[in-house]
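S.K.:
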Amino acid sequence: MAKQLGFYFDQTLCTGCKACQVACKDKNDLPVGVTWRRVAEYSGGTWRQDGDTFTPNVFTYYTSISCNHCDDPQCVKVCPTTAMHKDEHGIVTIDDGKCVGCRYCEWACPYGAPQYDKDAGVMTKCDLCIDRVNAGEQPACVAACPSRALEFGEIDELRAKYGDTAAIEPLPDPAMTRPNLVITPHRDAQPTGHGTGAIGNPEEI
Amino acid sequence: MNVHELPLVAFTILAQMSVGSFVILGLVQLSLVRKHGQEAVDKLSGPALYAIGPAIVLGLIASMFHLGNPMNALNAINHLGSSWLSREIFFGSAFAGLGAVFAVVEWRRWLTPLLRQVLAGVTALVGLALVLSMSMVYMLPSVPAWNHWATPVTFFTTTFLLGALAIGAAFVVVYTVRKRKHADVDEATGALLRTSLRRIAASAIVLLGIEFVVLPTYALDLATGDVHAQASAATLMTAGGAVLLTRLALVFLGAGLLGFFLYRFAFRGKERHLVYLATSAFVLVLASETIGRMLFYSSFDRIGI
Numbered sequence: 014m015a016k017q018l019g020f021y022f023d024q025t026l027c028t029g030c031k032a033c034q035v036a037c038k039d040k041n042d043l044p045v046g047v048t049w050r051r052v053a054e055y056s057g058g059t060w061r062q063d064g065d066t067f068t069p070n071v072f073t074y075y076t077s078i079s080c081n082h083c084d085d086p087q088c089v090k091v092c093p094t095t096a097m098h099k100d101e102h103g104i105v106t107i108d109d110g111k112c113v114g115c116r117y118c119e120w121a122c123p124y125g126a127p128q129y130d131k132d133a134g135v136m137t138k139c140d141l142c143i144d145r146v147n148a149g150e151q152p153a154c155v156a157a158c159p160s161r162a163l164e165f166g167e168i169d170e171l172r173a174k175y176g177d178t179a180a181i182e183p184l185p186d187p188a189m190t191r192p193n194l195v196i197t198p199h200r201d202a203q204p205t206g207h208g209t210g211a212i213g214n215p216e217e218i
Numbered sequence: 017m018n019v020h021e022l023p024l025v026a027f028t029i030l031a032q033m034s035v036g037s038f039v040i041l042g043l044v045q046l047s048l049v050r051k052h053g054q055e056a057v058d059k060l061s062g063p064a065l066y067a068i069g070p071a072i073v074l075g076l077i078a079s080m081f082h083l084g085n086p087m088n089a090l091n092a093i094n095h096l097g098s099s100w101l102s103r104e105i106f107f108g109s110a111f112a113g114l115g116a117v118f119a120v121v122e123w124r125r126w127l128t129p130l131l132r133q134v135l136a137g138v139t140a141l142v143g144l145a146l147v148l149s150m151s152m153v154y155m156l157p158s159v160p161a162w163n164h165w166a167t168p169v170t171f172f173t174t175t176f177l178l179g180a181l182a183i184g185a186a187f188v189v190v191y192t193v194r195k196r197k198h199a200d201v202d203e204a205t206g207a208l209l210r211t212s213l214r215r216i217a218a219s220a221i222v223l224l225g226i227e228f229v230v231l232p233t234y235a236l237d238l239a240t241g242d243v244h245a246q247a248s249a250a251t252l253m254t255a256g257g258a259v260l261l262t263r264l265a266l267v268f269l270g271a272g273l274l275g276f277f278l279y280r281f282a283f284r285g286k287e288r289h290l291v292y293l294a295t296s297a298f299v300l301v302l303a304s305e306t307i308g309r310m311l312f313y314s315s316f317d318r319i320g321i
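Those protein sequence lines, which keep their order, are chains A and B.
Those letters in the first sequence? Residues 14 to 218, by the working numbering.
Those letters in the second sequence? Residues 17 to 321, by the working numbering.
Here is the structure:
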C-alpha cells in the first residue's frame, strides 16, 4: 500500500475567496447542490468592557474542507453495500456501480464529504483528484488557491512539517474519524467543543 | 415536520408493529392455550398471523422508496460485518421470509406442533434482532439526538405497544366477523378474547409508563447537551411543542385512558363496547407513534459541517 495521502490547510492565509471550491466544482463537473470542497465561515464575538464603555470584540475565520480520507472513515464503516471503500492509496472512494443511494454515509460523516447526486441516485465524493495526482499534478483545489493555503501530500510528511492539529471549530473532534488533515489555526481559532461562534454561511456548506 | 423520510417512517413503524404482533401472538399461544384450549386460540390468532405478512412486506416496499438507486438493492447486505444497516436489511428480509414459511406451515399443519413452535420461536428472535439492528442504525456518533439509549428503548417500546394493541384490535375484529358471518365462536373463544384484552390493556398501560419516563429524561439530556443536541431539542419543540403534545395526548388517550377502560371492563363489558375500545386504542396509538417517529427524523442535527 502506498503512503496515506492527506490535506494541509493554513487558516492564517485563507481569505475565504472560495477559488478551491470553484476549481473542484469545475474539474469534477459537479451538478447544482453537490460541492465536494466547501469553505465554512465561522464567526463569533463578545463585548469587552472598558470602564463604562462596551466595545465589540469579534472574529471570523475560514476553513476549507473536503474529504479527509480518514483512517477510521465512518462512511465506510456504515455503508451497507461496501460501495464506500478505502483504496490502495488510502483514498476513500465510492463505487457508484454498487451504491444504492440510501444516503446513510451522509448522516454518518461529520465533514459532509459524501454528497448525493439526485439525478444519478447515488452518492459522490472527493477522490483527491487521483487522475491529476497520478499525472504528477496537484489536486484542482490545491492548485487553484491564490494564497497557497492548501497543500496535499503524504500525511506523515505534512504532520512532520506542520504539526498535528485538526480539532478546530466548526470541525468535529478528530477522534471520531481520525482525519488525514492538518490545520495551522487562525489566531482566533476556537478549539472543537469550546466554540462560541456559529457558521455564517450554512447554506453554502 | 420531516416529510422527506416518510418511507423510513412507514418502514420502521410497520416493521416494528409486525415484530411486536408476532411476539405477542407467541405469548398468547404460550400462556393462554392451557386455560382456553388450542382451538379457541387458533380461531382468533390465525387471521391475525396472516395479517402480519402484508404489514412487513408493505414496510419493506416502503423502505425501497428511500433508495436513490433501488437497482442495486441486493448489494445492501454486503457489509454485515460492519454496517448495522446491512444487518437491519438482512434481519428484515429474514423475518419476512421465516414468517411466511411459518404462516404456510401453520396453515397446512405441516411438521409437528413442536417443530412449528421452534420455527415460530426462531422467527420471533430474528424479529427482535431486526428491532435491535434498526435502533443501532441510528446510534451514529455524529448525531447526538439519535446516539442515545432512548433510541433502542423507544424502538422496543413502540414494538410491543403497537404489537399488543394491533393484536387486541385484530382479535376483536376476528371475533366479531366470526360471530356474525360464521357463528362458530363458543364460550371458550369469548373467554379467551376477554383474558387477552385484559392482559393487552395492562401491557399497554405499563409501556405507556415507560414512554412517559423515557421522554422527559431524553429531552432534558438533549437540552443540556452540546449545541447539536440542543438544536435537536429545539426541533422537538417546533411550533411550541404542538406536534409533540399531540403525540403525547394521543398515546395517553389510546394506551392510558382507553387502556384503563379496556382493563376495567374486559370481563364484564358488552362485547360491542370492547370492539370500540380495542380498535380506537390501536388507531390512536398508531397515529401517536407515527407522529413520534416523524419527530425522531426531524430531530436530526449532525456534528461538524
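Don't be surprised by glycine CBs; every beta carbon is placed ideally from N, CA and C.
1) Going by beta carbon distance, what residues of the same chain come within less than 6 Å of Ile226 of chain B, once the five residues before and after it are set aside?
2) Based on Cα-Cα distance, which residue from B:Leu274, B:Ala78, B:Ser212, B:Ser158 lies nearest to Leu46 of chain B?
3) Just the chain A side, please: which residues come within less than 7 Å of Val159 of chain B by C-beta, in chain order?
4) For the ligand MN, I want to know if Pro215 of chain A counts as a neighbour, meaning its beta carbon is within less than 7 Å of at least one of the ligand's heavy atoms.
5) Would Val193 of chain B be called buried (16 or more neighbouring beta carbons within 10 Å of its own) or exposed?
6) For Val121 of chain B and Gly143 of chain B, what's the separation of their Cα atoms in angstroms?
7) For my contact list, Ala145 of chain B and Phe187 of chain B are in at a C-beta cut-off of 8 Å; report their separation, rounded to the angstrom.
8) Met155 of chain B by DSSP, collapsed to three states: which one?
9) Identify which residue in A:Cys158, A:Pro93, A:Trp49, A:Pro86 has its Cα closest to the Cα of Glu217 of chain A.
10) By the three-class DSSP mapping on this structure, what secondary structure does His207 of chain A have?
11) Would you mind giving the Cβ-Cβ distance between Ile216 of chain B and Ala64 of chain B, rounded to the nearest angstrom? I have them listed as a contact below 8 Å.
12) Under 8 Å between beta-carbons, which chain B residues line up against Pro204 of chain A? List them in chain order, please.
13) Relative to chain B, which residues along the segment 66-92 of chain A have a C-beta separation below 9 Å, given in chain order?
14) Residues of the segment 78-92 of chain B in Cβ contact with chain A at a cutoff of 8 Å, in chain order, please.
15) Under 8 Å Cβ to Cβ from Val35 of chain A, same chain only, skipping five residues before and after it: list those, please.
16) For Gly213 of chain A, which option in A:Tyr124, A:Val47, A:Tyr75, A:Asp144 has the closest C-alpha, if you only look at C-alpha atoms?
17) Determine the burial state of Asp140 of chain A: buried for a count of at least 16 other Cβ atoms within 10 Å of its Cβ, exposed for fewer.
18) For the segment 267-315 of chain B, which segments carrying the alpha helix (DSSP H) assignment without a break, of at least 4 residues, lie completely within its bounds, in sequence order?
19) Within a Cβ cutoff of 8 Å, which residues of the same chain sit near Ala245 of chain B, ignoring the five residues on either side of it in sequence?
20) Looking at C-alpha atoms only, which residue of B:Ile221, B:Gly84, B:Leu60, B:Ala67 is the closest neighbour of Val201 of chain B?
21) Flag Gly75 of chain B as yes if its beta-carbon sits less than 8 Å from any beta-carbon of chain A, otherwise no.
22) Can you tell me which of the three DSSP states Gly108 of chain B falls into?
23) Which runs of the alpha helix (DSSP H) fall wholly inside the segment 82-147 of chain A and span at least 4 residues, in chain order?
24) With 16 as the cutoff for other CB atoms within 10 Å, does Arg161 of chain A come out buried or exposed?
25) Residue range of the alpha helix (DSSP H) that Phe81 of chain B falls in?
26) Who are the neighbours of Ser102 of chain B on chain A, taking C-beta pairs under 7 Å?
27) Terminal residues of the continuous beta strand (DSSP E) containing Leu26 of chain A?
28) So, do the segment 120-137 of chain A and the segment 122-140 of chain B have three or more beta carbon pairs nearer to each other than 8 Å?
29) Tell me, which residues are paired with Thr73 of chain A by DSSP?
30) Specify the secondary structure class of Arg51 of chain A as computed by DSSP and reduced to three states.
31) Which residue comes first and which comes last in the beta strand (DSSP E) that contains Val195 of chain A?
32) Is Glu163 of chain A near Gly103 of chain A, with beta carbons less than 8 Å apart?
33) Let me confirm a value: Leu90 of chain B is counted as buried when at least 16 other C-beta atoms fall within 10 Å, else exposed. Which label applies?
34) What are the residues that DSSP puts in a beta bridge with Leu18 of chain A?
35) How about Leu5 of chain B and Leu30 of chain B: are their beta carbons less than 8 Å apart?
36) Only counting the same chain, and skipping five residues up and downstream in sequence, which positions put a Cβ closer than 6 Å to that of Ala179 of chain A?
M.R.: Taking the structure as given:
1) Reading the second sequence from its first residue, position 210 is the one you call residue 226 of chain B. Hits under 6 Å: Thr173.
2) Numbered from 1 along the second sequence, position 30 holds the residue referred to as residue 46 of chain B. The shortest Cα separation from Leu46 of chain B among B:Leu274, B:Ala78, B:Ser212, B:Ser158 belongs to B:Ser212.
3) Translated into the one-based positions of the second sequence, residue 159 of chain B becomes position 143. Under the 7 Å cutoff, chain A gives Trp120.
4) Absence of the ligand MN is noted for the structure shown, with no ligands found whatsoever.
5) Looking up residue 193 of chain B in the second sequence gives position 177. Burial call: exposed.
6) Here residue 121 of chain B corresponds to residue number 105 of the second sequence, with the count starting at 1. Here residue 143 of chain B corresponds to residue number 127 of the second sequence, with the count starting at 1. Their backbone Cα atoms lie some 18 Å apart in a straight line.
7) For this step, residue 145 of chain B is matched to residue 129 along the second sequence. For this step, residue 187 of chain B is matched to residue 171 along the second sequence. Their Cβ separation, rounded to whole angstroms, is 27 Å, which puts Ala145 of chain B and Phe187 of chain B out of contact at 8 Å.
8) Position 139 of the second sequence holds residue 155 of chain B. Coil, per DSSP.
9) Taking the first sequence and counting its residues from 1, one reaches residue 217 of chain A at position 204. Glu217 of chain A has its Cα closest to that of A:Trp49, out of A:Cys158, A:Pro93, A:Trp49, A:Pro86.
10) On the first sequence, residue 207 of chain A is found 194 positions in, with the first residue counted as 1. Reduced to three states, the DSSP call for His207 of chain A is coil.
11) In the second sequence, residue 216 of chain B corresponds to position 200, counting from 1. In the second sequence, residue 64 of chain B corresponds to position 48, counting from 1. Their Cβ separation, rounded to whole angstroms, is 12 Å, which puts Ile216 of chain B and Ala64 of chain B out of contact at 8 Å.
12) Within the first sequence, numbered from 1, the residue matching residue 204 of chain A stands at position 191. Those do not exist, as Pro204 of chain A stays about 14 Å from chain B at its closest Cβ, beyond 8 Å.
13) Thr76, Ile78, Gln87, Val89, Lys90, Val91, Cys92
14) His82, Leu83, Gly84, Asn85, Pro86, Asn88, Ala89, Asn91, Ala92
15) Taking the first sequence and counting its residues from 1, one reaches residue 35 of chain A at position 22. Same-chain partners within the cutoff: Ala157.
16) In the first sequence, residue 213 of chain A corresponds to position 200, counting from 1. The shortest C-alpha separation from Gly213 of chain A is found at A:Tyr75.
17) Position 127 of the first sequence, counted from the first residue, corresponds to residue 140 of chain A. Looking at its Cβ environment, which holds 16 or more other Cβ atoms inside 10 Å, Asp140 of chain A is buried.
18) 275-281, 287-314
19) Mapped onto the second sequence, residue 245 of chain B falls at position 229. The answer, listed in chain order, is Pro160, Ala161, Asp237, Leu238, Ala239, Asp317.
20) If you number the second sequence from 1, residue 201 of chain B lands on position 185. Nearest of B:Ile221, B:Gly84, B:Leu60, B:Ala67 to Val201 of chain B, Cα basis: B:Leu60.
21) For this step, residue 75 of chain B is matched to residue 59 along the second sequence. No, Gly75 of chain B does not count as interfacial toward chain A.
22) Working through the second sequence from its first residue, we reach residue 108 of chain B at position 92. Three-state result, Gly108 of chain B: helix.
23) 87-91, 117-121, 143-147
24) Within the first sequence, residue 161 of chain A is the residue found at index 148, counting from 1. Per the 10 Å Cβ criterion, exposed.
25) One-based indexing of the second sequence puts residue 81 of chain B at position 65. It is not in any alpha helix (DSSP H) - Phe81 of chain B carries neither H nor E in the DSSP assignment.
26) Reading the second sequence from its first residue, position 86 is the one you call residue 102 of chain B. The answer, in chain order, is Pro93.
27) Along the first sequence, one-based indexing puts residue 26 of chain A at 13. Counting along the chain, Leu26 of chain A falls outside any beta strand (DSSP E), and DSSP gives it neither H nor E.
28) no
29) Counting from 1 along the first sequence, the entry for residue 73 of chain A is found at position 60. For Thr73 of chain A, which the question treats as bridged, DSSP gives the partners A:Ser56.
30) Translated into positions along the first sequence, residue 51 of chain A becomes position 38. Correct three-state label for Arg51 of chain A: strand.
31) Indexing the first sequence from 1 puts residue 195 of chain A at position 182. Here the beta strand (DSSP E) through Val195 of chain A covers 194-197.
32) Translated into positions along the first sequence, residue 163 of chain A becomes position 150. Translated into positions along the first sequence, residue 103 of chain A becomes position 90. Before going on, a small fix: residue 163 of chain A reads as Leu here, not Glu. Not closer than 8 Å, so no.
33) Taking the second sequence and counting its residues from 1, the one referred to as residue 90 of chain B is at position 74. Looking at its Cβ environment, which holds fewer than 16 other Cβ atoms inside 10 Å, Leu90 of chain B is exposed.
34) Indexing the first sequence from 1 puts residue 18 of chain A at position 5. Looking at the DSSP assignment, Leu18 of chain A forms a beta bridge with A:Glu167.
35) Look at the range of chain B in this structure, 17 to 321, and you will see that residue 5 of chain B is not part of it.
36) As a working note, residue 179 of chain A is residue 166 in the first sequence. Excluding sequence neighbours, Ala179 of chain A sits near Pro187, Pro192, Leu194, Ile196.
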